[in-house]
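J.:
2 protein chains.
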Amino acid sequence: MTPDESSVIRIFGRALRTRGQSEDVEVFGLGSSKVAAAVDTLVASTDIPPSMSLRDAARKAVAACVSDFAAKGIRPGAGLVSVVLPKGITRAQVGRLARGVAEASGEFGFRVLGGDTSGGREIAISVCIIGSRPRRMPRRAGARAGDLIMTTGLFGLAPAGLYIAMSAKKPKGPAKFATQARREFMRPSPPLEFCVRSSASFSSSMDSSDGLGATLNEMAAQSRVRFELDSLPVADGLYGFASTNKLDPLELVLYGGEEYSTVFTCRPSARTRLKRRAAAMGLELCEIGRVVRGRGVYATHSGTRFRVQNRGWKHL
Amino acid sequence: MTPDESSVIRIFGRALRTRGQSEDVEVFGLGSSKVAAAVDTLVASTDIPPSMSLRDAARKAVAACVSDFAAKGIRPGAGLVSVVLPKGITRAQVGRLARGVAEASGEFGFRVLGGDTSGGREIAISVCIIGSRPRRMPRRAGARAGDLIMTTGLFGLAPAGLYIAMSAKKPKGPAKFATQARREFMRPSPPLEFCVRSSASFSSSMDSSDGLGATLNEMAAQSRVRFELDSLPVADGLYGFASTNKLDPLELVLYGGEEYSTVFTCRPSARTRLKRRAAAMGLELCEIGRVVRGRGVYATHSGTRFRVQNRGWKHL
Chain A
8 MTPDESSVIR IFGRALRTRG QSEDVEVFGL GSSKVAAAVD TLVASTDIPP
58 SMSLRDAARK AVAACVSDFA AKGIRPGAGL VSVVLPKGIT RAQVGRLARG
108 VAEASGEFGF RVLGGDTSGG REIAISVCII GSRPRRMPRR AGARAGDLIM
158 TTGLFGLAPA GLYIAMSAKK PKGPAKFATQ ARREFMRPSP PLEFCVRSSA
208 SFSSSMDSSD GLGATLNEMA AQSRVRFELD SLPVADGLYG FASTNKLDPL
258 ELVLYGGEEY STVFTCRPSA RTRLKRRAAA MGLELCEIGR VVRGRGVYAT
308 HSGTRFRVQN RGWKHL
Chain B
8 MTPDESSVIR IFGRALRTRG QSEDVEVFGL GSSKVAAAVD TLVASTDIPP
58 SMSLRDAARK AVAACVSDFA AKGIRPGAGL VSVVLPKGIT RAQVGRLARG
108 VAEASGEFGF RVLGGDTSGG REIAISVCII GSRPRRMPRR AGARAGDLIM
158 TTGLFGLAPA GLYIAMSAKK PKGPAKFATQ ARREFMRPSP PLEFCVRSSA
208 SFSSSMDSSD GLGATLNEMA AQSRVRFELD SLPVADGLYG FASTNKLDPL
258 ELVLYGGEEY STVFTCRPSA RTRLKRRAAA MGLELCEIGR VVRGRGVYAT
308 HSGTRFRVQN RGWKHL
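If you're matching them up, the sequences are chains A and B in order. Mind the numbering: the first sequence is residues 8 to 323 in our numbering, read in order. Mind the numbering: the second sequence is residues 8 to 323 in our numbering, read in order.
(1) Which runs of the alpha helix (DSSP H) fall wholly inside the region 50–125 of chain B and span at least 4 residues, in chain order?
(2) Would you call residue 246 of chain B buried or exposed, if buried means 16 or more other Cβ atoms sit within 10 Å of its Cβ?
(3) Could you pull out every unbroken alpha helix (DSSP H) segment of at least 4 residues lying fully inside the region 225–268 of chain B, listed in chain order?
(4) Quick one: is residue 91 of chain A near chain B, going by C-beta distance under 9 Å?
(5) So which residues on chain A does residue 112 of chain B lean against when the C-beta distance must stay under 9 Å?
(6) Whole-angstrom Cβ separation of residue 192 of chain B and residue 265 of chain B, contact assumed at under 8 Å?
(7) Enumerate in chain order the residues of its own chain whose CB-to-CB distance from residue 294 of chain B is below 6 Å, with the five nearest sequence positions on each side excluded.
(8) Against chain A, does residue 319 of chain B count as a neighbour if the rule is that its beta carbon must be under 9 Å from one of theirs?
(9) Taking only three categories from DSSP, how would you classify residue 130 of chain A?
(10) So, helix, strand or coil for residue 222 of chain A, using DSSP?
(11) Quick check: what's the CA-CA separation for residue 151 of chain A versus residue 78 of chain B?
(12) Tell me the rounded alpha-carbon separation between residue 140 of chain A and residue 59 of chain A.
(13) Is residue 212 of chain B helix, strand or coil by DSSP?
(14) Using a Cβ-Cβ distance under 9 Å, would residue 10 of chain B count as near chain E?
(15) Should the region 297–309 of chain B be regarded as contacting the region 221–238 of chain B, the criterion being three or more beta carbon pairs within less than 8 Å?
(16) Name the residues in the region 122–139 of chain B whose C-beta lies less than 8 Å from a C-beta of chain A; which are they?
(17) Going along chain A in order, which residues have a C-beta closer than 7 Å to the C-beta of residue 16 of chain B?
(18) To the nearest whole angstrom, what separates the beta carbons of residue 134 of chain A and residue 31 of chain A, a pair I think is in contact under 8 Å?
(19) In angstroms with no decimal places, state the Cα-to-Cα distance between residue 163 of chain B and residue 164 of chain A.
(20) Quick one: which chain B residues come within Cβ less than 7 Å of residue 96 of chain A?
(21) Just to confirm, is the Cβ distance from residue 194 of chain B to residue 75 of chain B under 9 Å?
(22) Count the other CB atoms within 10 Å of the CB of residue 12 of chain A; is the residue buried (16 or more) or exposed (fewer)?
(23) In angstroms, rounded to a whole number, what distance separates the CA positions of residue 17 of chain B and residue 299 of chain B?
(24) Assuming the contact rule is C-beta atoms closer than 8 Å, residue 23 of chain B and residue 105 of chain A should be a hit. Round their C-beta distance to whole Å, please.
(25) Helix or strand or just coil, what does DSSP make of residue 188 of chain B?
(26) In three-state DSSP terms, what is residue 138 of chain A?
(27) Would you decide whether residue 309 of chain A is buried or exposed? Buried here means 16 or more other CB atoms lie within 10 Å of its CB.
(28) In whole angstroms, what separates the C-alpha of residue 29 of chain B from that of residue 15 of chain B?
(29) Quick one: is residue 103 of chain B buried, meaning 16 or more other Cβ sit within 10 Å of its Cβ, or exposed?
(30) Taking a contact to mean a Cβ-Cβ separation below 9 Å, would you say residue 137 of chain B touches residue 286 of chain B in this structure?
(31) Give the interface partners of residue 85 of chain A over in chain B, defined as CB-CB distance under 8 Å, in chain order.
(32) Tell me the residue span of the alpha helix (DSSP H) that contains residue 279 of chain B.
(33) Can you look up residue 183 of chain B in the DSSP assignment and give me helix, strand or coil?
(34) Please tell me whether residue 169 of chain A has its Cβ less than 9 Å away from any Cβ of chain B.
(35) I need the straight-line Cα distance from residue 54 of chain A to residue 107 of chain A, nearest angstrom please.
(36) Taking only the alpha-carbon atoms, compute the straight-line gap between residue 119 of chain A and residue 41 of chain B and give it to the nearest angstrom.
Spelled out as structure tokens, the structure:
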């Protein structure tokens with residue numbers, strides 16, 4: 008039987024004896040310094056729909072890795088990139104991949120220094136980012152009863168964008184929503200600056216790329232608390248798009264994945280300051296619920312309370 | 008036209024403005040510390056013959072990256088691994104990959120902390136290693152006229168091993184040679200300890216995995232000197248194997264690739280000390296020639312002098 012992503016992580020964790028809870032970045036000491044590092048790989052057949060440009064694909068590979076750093080409030084220090092290229096790829100295509108990597112490194116303010124190239128059956132771009140671990144880094148564990156639960160953006164757009172990108176025929180609904188959704192999927196922007204400046208206020212945090220439901224469940228489980236959501240961060244226009252295309256809007260919001268926001272918890276006293284800072288940076292900070300005693304993740308939506316499942320985007 | 012590996016590196020170098028000469032590891036500052044990092048990816052269709060176990064494949068992915076660190080005399084500090092897994096892979100197969108990574112990290116004395124898993128069409132293992140950059144790190148440039156040219160092992164075995172692994176029928180010749188050649192290809196052992204202890208004596212150095220000819224040409228070109236070889240490091244039994252199987256032995260030695268040795272130059276005064284240390288560690292240190300003024304790489308073999316070409320193992 009093919010193991011799913013979390014089983015693969017468990018199998019590797021056992022072999023490598025990396026006991027302890029998984030995090031967005033790995034931290035370790037190097038001489039007297041503390042270092043943080045993360046790696047993310049984007050593979051053509053799984054992650055690059057035919058309508059996505061190679062430049063956007065390469066940019067997204069970097070952005071996905073930056074998202075792990077953003078969630079922990081760490082500024083990337085330097086990056087390495089490893090590309091797998093199939094036979095028959097052209098100079099122009101390689102140039103687009105290179106420009107996408109360069110674009111992202113400029114956008115997120117760090118240098119990609121070099122890397123490695125190999126041949127293979129399909130394009131794959133693996134990005135490794137290294138940075139200094141700050142004295143205080145928020146963990147996935149750390150949420151306490153009474154904390155607010157926040158996201159750095161609305162959800163559902165990127166999964167809708169993926170649906171649109173994968174559809175054979177033109178999806179129904181307003182063109183403006185479709186454009187926005189495609190853009191969110193193709194060119195995600197992790198909230199690096201906001202999180203670097205705000206992470207001292209996070210009691211726990213995690214990158215949301217596995218899907219909002221999976222992210223919240225992981226944080227609640229590691230923190231040994233219950234998350235009670237009363238205001239799901241549904242993107243504007245999502246209900247209309249979902250209903251026109253016969254999709255479940257909550258499925259897109261909670262289990263869609265591909266969204267490079269940060270989910271965090273904080274004391275209520277931090278609310279006003281964080282909202283003001285986010286607004287000044289053009290970021291939609293959403294207060295989606297409260298941490299309470301107990302276990303699990305529950306949401307109340309349109310008068311119904313239900314359990315948010317621990318599932319999300321599975322690559323396998 | 009499909010660009011070759013060096014063109015891909017040039018295209019990325021231009022886009023990323025990583026001017027300057029390429030090195031085995033990338034170095035950068037992180038706060039007050041100097042960091043070294045390298046990445047290497049092994050892809051099933053290019054690098055894993057059907058007869059190679061997944062455990063050996065994963066071990067080799069790590070060893071290839073360790074080889075970059077060995078060449079610069081740097082001890083790996085920590086590693087991250089990113090695996091691409093095709094649909095249908097079994098738990099047992101994932102377990103073999105994980106054990107191969109664990110085996111290598113134990114063997115070379117550092118921890119692999121975690122990483123990333125994605126789906127794709129074929130197995131790929133990308134390894135990123137991070138370490139502290141020592142005060143003095145030998146470069147590919149740095150060889151001076153009068154220096155000796157040394158390799159930390161004999162050449163030709165791994166390419167012969169690849170030939171054996173890829174052959175449909177059983178290759179001719181002594182079984183002992185075949186076993187040794189297969190082992191060298193399947194389970195390379197970069198000279199990490201020797202180089203960590205000896206790199207202060209290297210005037211220049213480089214990992215030989217692109218092939219001996221390409222490695223020597225790169226070092227000579229970056230150092231702006233000529234390499235004159237008078238004693239090619241031909242593995243024992245290679246002439247016999249090559250002649251029985253109608254292969255060119257010098258092609259295997261100079262252009263075969265897949266050999267994770269370190270090529271270095273040093274002052275003649277370091278010779279005795281380095282040879283003694285290598286012998287004590289069971290390493291065959293080969294003195295293959297001299298650095299002289301001029302350009303290019305030339306070899307004298309069986310009374311004939313010829314130019315060693317700047318070509319090697321190309322993945323594309």
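We put the beta carbon where it would ideally sit given N, CA and C, even for glycine. None of the values given here were measured: they were computed from a predicted structure.
T.: Let's see:
(1) Assignment of alpha helix (DSSP H) within the region 50–125 of chain B, counting only whole runs of 4 or more residues, yields 51–54, 61–78 and 98–114 in chain order.
(2) Along the second sequence, read from residue 1 onward, the residue named residue 246 of chain B stands at position 239. Answer is exposed; the Cβ neighbour count stays below 16.
(3) Unbroken alpha helix (DSSP H) stretches of 4 residues or longer found wholly inside the region 225–268 of chain B: 245–251 and 256–262, given in chain order.
(4) As a first step, residue 91 of chain A is located in the first sequence; it is residue number 84 there, counting from the start. Interface with chain B (9 Å Cβ-Cβ cutoff): residue 91 of chain A is included.
(5) Translated into the one-based positions of the second sequence, residue 112 of chain B becomes position 105. Going along chain A in sequence order, the residues near residue 112 of chain B (Cβ under 9 Å) are 23.
(6) Within the second sequence, the letter at position 185 stands for residue 192 of chain B. Within the second sequence, the letter at position 258 stands for residue 265 of chain B. Cβ-Cβ separation between residue 192 of chain B and residue 265 of chain B: approximately 6 Å, consistent with a contact (criterion under 8 Å).
(7) The residue you call residue 294 of chain B lines up with position 287 of the second sequence. Closer than 6 Å at Cβ, skipping near neighbours: 155 and 157.
(8) Within the second sequence, residue 319 of chain B is the residue found at index 312, counting from 1. It does not; no Cβ of chain A falls within 9 Å.
(9) Translated into the one-based positions of the first sequence, residue 130 of chain A becomes position 123. Here residue 130 of chain A sits in coil by DSSP.
(10) What you label residue 222 of chain A is simply residue 215 of the first sequence in a count that begins at 1. Reduced to three states, the DSSP call for residue 222 of chain A is helix.
(11) Taking the first sequence and counting its residues from 1, one reaches residue 151 of chain A at position 144. Taking the second sequence and counting its residues from 1, one reaches residue 78 of chain B at position 71. Whole-angstrom Cα-Cα distance: 49 Å.
(12) By 1-based counting over the first sequence, the position of residue 140 of chain A is 133. By 1-based counting over the first sequence, the position of residue 59 of chain A is 52. In a straight line, the C-alpha of residue 140 of chain A is about 34 Å away from that of residue 59 of chain A.
(13) In the second sequence, counting from the first residue as 1, residue 212 of chain B sits at position 205. In the three-state scheme derived from DSSP, where H, G and I count as helix and E and B as strand, residue 212 of chain B is classed as strand.
(14) The structure shown has no chain E; the protein chains it does contain are A and B.
(15) Result yes; three or more Cβ-Cβ pairs closer than 8 Å.
(16) For the region 122–139 of chain B, which is checked against every Cβ of chain A, the residues closer than 8 Å are 122, 123, 124, 125, 126, 127, 128, 129, 131, 133, 135, 137, 138 and 139.
(17) The count along the second sequence starts at 1 and reaches residue 16 of chain B at position 9. Correct list: 124.
(18) Reading the first sequence from its first residue, position 127 is the one you call residue 134 of chain A. Reading the first sequence from its first residue, position 24 is the one you call residue 31 of chain A. Between residue 31 of chain A and residue 134 of chain A the Cβ distance is about 14 Å, and since that is not below 8 Å, they are no contact.
(19) For the purposes of this step, residue 163 of chain B is identified with residue 156 of the second sequence, where counting begins at 1. For the purposes of this step, residue 164 of chain A is identified with residue 157 of the first sequence, where counting begins at 1. So the alpha carbons of these two residues sit roughly 55 Å apart.
(20) On the first sequence, position 89 is the one that residue 96 of chain A refers to. In chain order: 9.
(21) Sequence index remark: in the second sequence, residue 194 of chain B carries index 187 (1-based). Sequence index remark: in the second sequence, residue 75 of chain B carries index 68 (1-based). No, they are not a contact pair.
(22) The sequence position of residue 12 of chain A within the first sequence is 5, counting from 1. Buried, since its Cβ has 16 or more Cβ neighbours within 10 Å.
(23) Along the second sequence, read from residue 1 onward, the residue named residue 17 of chain B stands at position 10. Along the second sequence, read from residue 1 onward, the residue named residue 299 of chain B stands at position 292. So the two alpha carbons sit approximately 29 Å from each other.
(24) Your numbering for residue 23 of chain B matches position 16 in the second sequence. Your numbering for residue 105 of chain A matches position 98 in the first sequence. So it is a contact: roughly 7 Å between Cβ atoms.
(25) In the second sequence, counting from the first residue as 1, residue 188 of chain B sits at position 181. Collapsing the DSSP output to three states places residue 188 of chain B in a helix.
(26) In the first sequence, counting from the first residue as 1, residue 138 of chain A sits at position 131. If DSSP states are grouped into helix, strand and coil, residue 138 of chain A belongs with the strands.
(27) In the first sequence, counting from the first residue as 1, residue 309 of chain A sits at position 302. With fewer than 16 neighbouring CB atoms inside 10 Å of its own CB, residue 309 of chain A falls in the exposed class.
(28) Within the second sequence, residue 29 of chain B is the residue found at index 22, counting from 1. Within the second sequence, residue 15 of chain B is the residue found at index 8, counting from 1. Cα to Cα, the separation comes out at about 13 Å.
(29) Position 96 of the second sequence, counted from the start, is the residue given in the question as residue 103 of chain B. By the Cβ neighbour-count rule, residue 103 of chain B is buried, with 16 or more other Cβ atoms within 10 Å of its own.
(30) Here the question's residue 137 of chain B lines up with position 130 in the second sequence. Here the question's residue 286 of chain B lines up with position 279 in the second sequence. Cβ distance not < 9 Å, so residue 137 of chain B and residue 286 of chain B don't count as in contact.
(31) The residue given as residue 85 of chain A occupies position 78 in the first sequence. Near residue 85 of chain A (Cβ distances below 8 Å), the residues of chain B are 33, 35, 37, 42 and 44.
(32) In the second sequence, residue 279 of chain B corresponds to position 272, counting from 1. DSSP places residue 279 of chain B inside the alpha helix (DSSP H), whose first and last residues are 278–287.
(33) Start at 1 with the first residue of the second sequence, and residue 183 of chain B comes out as number 176. In the structure shown, residue 183 of chain B sits in a helix (DSSP, three-state: H, G or I).
(34) Residue mapping note: residue 169 of chain A aligns to position 162 of the first sequence, counting from 1. Not closer than 9 Å to any Cβ of chain B, the Cβ of residue 169 of chain A fails to qualify, so no.
(35) Position 47 of the first sequence, counted from the first residue, corresponds to residue 54 of chain A. Position 100 of the first sequence, counted from the first residue, corresponds to residue 107 of chain A. In a straight line, the C-alpha of residue 54 of chain A is about 15 Å away from that of residue 107 of chain A.
(36) Working through the first sequence from its first residue, we reach residue 119 of chain A at position 112. Working through the second sequence from its first residue, we reach residue 41 of chain B at position 34. The C-alpha of residue 119 of chain A lies about 16 Å from the C-alpha of residue 41 of chain B.
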